[in-house]
Amino acid sequence: MNQVKSLKCQPGFGEFCLRRAHEHASKLWHLVGPFTLDSNVQAWSDLCAIIINAQTLSIEMYSVPFEYKTYFSESNEPFDPATMINRDTFITGDPQVLKKDDNKVRLGITPEIRIRNNSAHANYIKLVYMANVLLRPAPKHGEVEVAREMPAEVPEVQVPVPVPVNQ
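Following UniProt numbering, the numbering of the sequence shown begins with 1 at its first residue and continues without gaps.
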């Protein structure tokens, strides 16, 4: 925290940040540029603005005594309405009922974000952003849930090599 504050006061820090933003934008432009409809100046400017805003936010975040934790919900994790928001348009209903029915996460869209004030004496952690998730349908009554993960060891398959026939 104090190191970031002292770095911000150093001469040339602003120019350093702009140079780094330009370097990051150049690397990203090679990936993003081909997907723009036209390679105009506006798309490049927007990308640079996003990077500069992210840098500014990170400098502010590291200048205060807070610790941030992000957690992406994993596939097949039980739905928890205390930390997750169901964004699935096909599986709807009361969040507590979805939990009771044993719905599981199909895909984590955004992370759960928690913040802790390291300057406080008590170890107080606050949830500042709930995770957005898509859900997997709950198993029907009496139905056994089948794991959809790859086995630890995949058996090796022997494929016969065709022998060329001389004509």
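Glycine included, each C-beta is placed from N, C-alpha and C at the ideal position.
Checklist entry - Nearest CA to the CA of residue 73: which residue from 110, 94 and 90? => result 110
Checklist entry - Just how far apart, CA to CA, sit residue 18 and residue 90? => result 45 Å
Checklist entry - Going straight from the alpha carbon of residue 95 to that of residue 29, what length do you get? => result 41 Å
Checklist entry - Out of curiosity, what's the CA-to-CA distance linking residue 33 and residue 128? => result 34 Å
Checklist entry - Is it buried or exposed for residue 13, if we count other Cβ within 10 angstroms and need 16 for buried? => result Exposed.
Item to check | Bridge partner(s) assigned by DSSP for residue 82 | outcome: DSSP lists no partner for residue 82.
Item to check | One or two residues paired with residue 131 in a DSSP bridge | outcome: 84
Next on the checklist: Going by DSSP in three states, residue 108 sits in which element: helix, strand or coil?
Outcome noted: strand
Item to check | The beta strand (DSSP E) enclosing residue 5, as first and last residue numbers | outcome: Residue 5 -> not in any beta strand (DSSP E); alpha helix (DSSP H) instead, spanning 2-9.
Checklist entry - Beta carbon of residue 31: closer than 6 Å to some heavy atom of the ligand SAH? => result In the structure shown, the ligand SAH is absent, as is every other ligand, since no ligand is present at all.
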